[in-house]
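In this note's numbering, the protein residues as written are 130 to 645.
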């Protein structure tokens, strides 16, 4: 049962009761005449009848009360503890909600046993692969994974990847600013030789720069095109590795991909420490949901979609798209409505709210939201904050000064978001993308923690159906997402193993026995 709202907790004594007490009554209550001398008794009598004494006593209690985090002058001095109790009571209700129930992982566990590189390869000092990675933090992460795989295929040492300065965010972060370099080297010590820089024997060598790597190149293609050049010149430089390596590799290379993504690429200790602190603050009052919201202005422009806040905001996006048609990523022949119904648009705040409510998120759910500043500011988030008041981002949770070392570097801020989202009880992205896919794979590898993948193409027609009652709508949405909650899903051809780690990187007891 909930606490009655009329419950009061007073400790103040009404003045008319104090006035009704004579000094003799007070003396009788507080002192025993038998053990006090007449002179002391007279002094106490004068003290108790002095109004200044009582004023001093009230202020003394007030000071002690403030020191003990207690408010004696409040009309309801125990309102703070009452509020905490109410929050805890709501937390208990929230924790019992079906929304927090985790999917059945079917016994899948990481299994990354594969052959090590030979000592000759690990000790070779004649061939070096240099790579320049670009884009945001999660794009860089994907390219680093592929760089390690290419180095293994070519039996070359990998020079720590160089980060190209992002022209959009002007982020000059280097590898060691984001990731733990020593950990990266140690974890991959038996797989690929990692060096911080070229040795003196190769510094003066002008690296052969290869710009023609096709999309989804196979190991055979990589060997046939790069091995001879690498042996001849000693150094090979590759750029633009995004999606250049095939998603369908031999088992040992798929396992290497997972080892890099889920073990070797650990964040820098300072980032990891703050990310874990924010996670603890979110979890201090029970389970929490993490949302990755893609509602920034450039996202609406690039996807060919509209935020739906108002006609004025939609016009601003349309005008920007007309001014910069090169920003539109694909399918320029489709109208906004066609894109929307095809599931190609990010969900706005109202759609996210309706979706998570239909899936059973309690109103008292604590929500962490990751992402850039939404186009439209706080107004764009109002549907969410209205229904779910416990709504926080890293700026809300961090103590003064904690974010300062990271605030001017977008990659570091994205890394903090990544940590909190990866460790949440439930995670949901409002749109696909590198971060959403990376976290989905990471959560699957960590034991198939609940991850909601919005079934946008099938659910949006029901969002537009105003004739559905709330219960009918909720039932339809639940049914559409019963298999999209983070359950184990076998990787299909062409899909990234770091998003779908089953079966190459995760085994169940049945698969282990069947392979023996």
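All residues carry an ideal CB built from backbone N, CA and C; glycine is no exception.
- If you draw a 10 Å sphere on the C-beta of residue 440, you find fewer than 16 other C-beta atoms in it, and that means exposed.
- Excluding sequence positions up to five before and after residue 352, its CB lies within less than 8 Å of the CB of 282 and 283, all in the same chain and listed in chain order.
- In the DSSP assignment, no residue is bridged to residue 310.
- Counted as a single uninterrupted DSSP element, the alpha helix (DSSP H) harbouring residue 590 occupies residues 585–592.
- Around the beta carbon of residue 432, 16 or more other beta carbons lie within 10 angstroms, which makes this residue buried.
- Annotation note: the stretch 224–304 contains the following uninterrupted alpha helix (DSSP H) runs of length 4 or greater, listed N- to C-terminal: 248–252 and 266–283.
- Scanning its chain for C-beta atoms nearer than 6 Å, with the 5 sequence neighbours on each side dropped, one finds around residue 245 the residues 319, in chain order.
- Looking at the backbone, the Cα of residue 624 and that of residue 378 are separated by about 11 Å.
- Scanning the stretch 370–435 for uninterrupted alpha helix (DSSP H) segments of 4 residues or longer gives 380–388, 398–412 and 426–432, listed from N- to C-terminal end.
- Per the Cβ contact rule, the stretch 467–482 is in contact with the stretch 579–592 (3 or more Cβ pairs under 8 Å).
- Judged by their CB atoms, residue 372 and residue 344 are nearer to each other than the 8 Å cut-off.
- In this structure the stretch 361–370 does not touch the stretch 506–515; the number of beta carbon pairs closer than 8 Å is below three.
- Sequence-distant Cβ neighbours of residue 488 in its own chain, meaning closer than 7 Å and more than five residues away, are 228, 581, 606, 607 and 610.
- Spatial neighbours of residue 555 in its own chain (CB-CB distance under 6 Å, excluding positions within 5 residues in sequence) are listed in chain order as 418 and 579.
- If one requires a minimum length of 4 residues, the alpha helix (DSSP H) runs lying completely within the stretch 545–591 are 563–574, in chain order.
- Here residue 364 is bridged, per DSSP, to 257.
- Between the stretch 543–553 and the stretch 401–409, the count of Cβ pairs shorter than 8 Å is three or higher; the stretches touch.
- Excluding residues up to 5 positions away in sequence, 430 lie with their Cβ nearer than 7 Å to the Cβ of residue 449 in the same chain.
- Residue 225 and residue 342 have their C-alpha atoms some 52 Å from each other.
- Distance from residue 299 to residue 322 at the Cβ level is roughly 33 Å; contact not present, criterion being Cβ atoms closer than 8 Å.
- By the 16-neighbour rule on beta-carbons within 10 angstroms, residue 528 is exposed.
- Looking at the backbone, the Cα of residue 526 and that of residue 550 are separated by about 14 Å.
- No Cβ-Cβ contact shorter than 8 Å links residue 465 with residue 504.
- Residue 317 sits in coil when the DSSP states are folded into three classes, being neither helix nor strand.
- Counting C-beta pairs with one atom in each stretch, the stretch 619–634 and the stretch 558–578 have three or more that are closer than 8 Å, which means they touch.
- Taking residue 636 as reference, the option from 236, 491, 517 and 587 with the minimal CA-CA separation is 236.
- Around the beta carbon of residue 355, 16 or more other beta carbons sit within 10 angstroms, so the residue counts as buried.
- Remark: C-beta atoms of residue 496 and residue 420 approach each other more closely than 8 Å.
- Around the beta carbon of residue 476, 16 or more other beta carbons sit within 10 angstroms, so the residue counts as buried.
- In chain order, 417, 418, 419 and 497 place their CB closer than 7 Å to the CB of residue 553, counting only its own chain and leaving out the 5 sequence neighbours on each side.
- Taking a C-beta distance under 8 Å as the contact criterion, residue 310 and residue 257 do not qualify as a contact pair.
- Counting the other CB atoms within 10 Å of its CB gives residue 457 a total below 16, which places it among the exposed residues.
- Here residue 384 is buried: its Cβ has 16 or more other Cβ atoms, across all protein chains shown, within 10 Å.
- When the Cα atoms are used, residue 330 and residue 288 turn out to be separated by approximately 14 Å.
- Along the length of the stretch 318–356, whole alpha helix (DSSP H) runs at least 4 residues long occupy 329–332, reported in chain order.
- Residues 363 of the same chain have their beta carbon placed closer than 7 Å to that of residue 255, with the five preceding and five following residues left out of the count.
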